[in-house]
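Numbering (our numbering), first residue to last: 5 to 102. Reading through the structure tokens given below for one structure.
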Amino acid sequence: MRICSHKTLKEFWHKYPDARTSLEIWYEKMEENTYENPNQIIEDFKGADIVGNGRIVFNIALNKYRLVAYVRYKFFAVYVRFLGTHKEYDKIKDISNI
């Protein structure tokens with residue numbers, strides 16, 4: 005997969021260093037695979053949730069942080085739509101449209 009938001013990940017782990025290892029693992033695993041549907045992603049990321057409209061929520065650093073990705077399976081592309089604390093994530097009204 006092609007991750008189109010690597011800069012966002014780096015900026016986040018500079019602000020929250022405890023997220024770095026989890027984000028690097030997430031990035032490497034996403035980059036080395038070519039997922040064709042959300043179920044394949046869920047197989048590799050057991051704590052992830054499909055929220056619809058191409059969005060998947062990933063738990064980062066033992067669920068301390070959340071990452072919402074928009075996945076375009078046809079183009080093997082992943083866009084980070086949200087990356088923040090669990091508290092910030094809980095404030096999102098409609099995850100499937102961010």
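For every residue, glycine included, the Cβ atom is placed at its ideal position computed from N, Cα and C. On a predicted model such as this, the values are computed, not experimentally measured, just so you know.
Bridge partners - residue 82, DSSP secondary structure assignment: Answer by DSSP bridge pairing, in chain order: 7 and 75.
Nearest-angstrom Cβ-Cβ length linking residue 26 and residue 65, presumed shorter than 8 Å: Yes, residue 26 and residue 65 are in contact; Cβ-Cβ is about 5 Å, under 8 Å.
Sub-7 Å separation of residue 9 and residue 57 beta-carbons: No; because the gap between Cβ atoms is not below 7 Å, this pair is not in contact.
C-alpha distance - residue 29 paired with residue 23, whole-angstrom precision: Taking the straight line joining both Cα atoms gives about 10 Å.
Alpha-carbon spacing of residue 41 relative to residue 18, whole angstroms: Whole-angstrom Cα-Cα distance: 31 Å.
Counterpart residues of residue 55 in DSSP-defined beta bridges: Bridge partners of residue 55: none, in fact.
Segments assigned beta strand (DSSP E), at least 3 residues, entirely inside the segment 11–66: Correct list: 53–56 and 59–64.
Contact under 7 Å by Cβ, residue 62 with residue 49: Yes, the Cβ-Cβ distance between residue 62 and residue 49 is below 7 Å.
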